[in-house]
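When you read off a place in the sequence shown, starting at 1, and then add 40, the result is the number in the numbering used here.
Heads up, the beta-carbon is just placed ideally off N, CA and C, and yes, glycines get one too.
To start, the structure under review is shown below, and the notes come after it.
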Amino acid sequence: MLAWVGFTLTFALARLVTGVIKIGDQDTGDVVVGGVHLHHYLWGIAIVVAVAIYGLVDRSARTRSVMGAALGVGVALIVDEIALLVTLEDVYWTSEGWSSVAVAVIIIGVVGSALVATRSGRQDD
Numbered sequence: 041m042l043a044w045v046g047f048t049l050t051f052a053l054a055r056l057v058t059g060v061i062k063i064g065d066q067d068t069g070d071v072v073v074g075g076v077h078l079h080h081y082l083w084g085i086a087i088v089v090a091v092a093i094y095g096l097v098d099r100s101a102r103t104r105s106v107m108g109a110a111l112g113v114g115v116a117l118i119v120d121e122i123a124l125l126v127t128l129e130d131v132y133w134t135s136e137g138w139s140s141v142a143v144a145v146i147i148i149g150v151v152g153s154a155l156v157a158t159r160s161g162r163q164d165d
């Protein structure tokens, strides 16, 4: 559940922040290192790798919750730029870039529906 919530909120926030950057807000900017723009899928990959490595070390219930949320965040950052990863071109705000939105909406819908279907009607004694 936390992975789904992390994914949904991060995807929405990523779209909001990139929209603000696109309209030219001076207080919000791209991350640039050495003149190279670092797309947010890179941060997503780093988070997913960190979750995987940490999951090999610590398997406590509390850690699993945090890792679930972090996994959702990382995957959302990757999925939000999936069109770029497929085309190898920066198509974020073009019609091709909307495939990233479509994939994210499908993931949100399917996983959300699966969560509802598997968790509704349960009664704990």
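{"Item": "Once the 5 residues before and after A116 are set aside, which same chain residues still bring their CB inside 6 Å of it?", "Value": "F47, T50, F51"}
{"Item": "Given a cut-off of 7 Å, decide if A101 and I87 are closer than it, judged by their beta-carbon atoms.", "Value": "no"}
{"Item": "Quick check on E121: buried or exposed, where buried means 16 or more other Cβ atoms within 10 Å of its Cβ?", "Value": "buried"}
{"Item": "Tell me which residues share the same chain as G137 and place their Cβ nearer than 6 Å to its Cβ, disregarding the 5 neighbours each side in the sequence.", "Value": "A123, V131"}
{"Item": "Taking a contact to mean a Cβ-Cβ separation below 7 Å, would you say L189 touches G95 in this structure?", "Value": "As displayed, the chain neither begins before 41 nor continues past 165, which places residue 189 out of reach and without an answer."}
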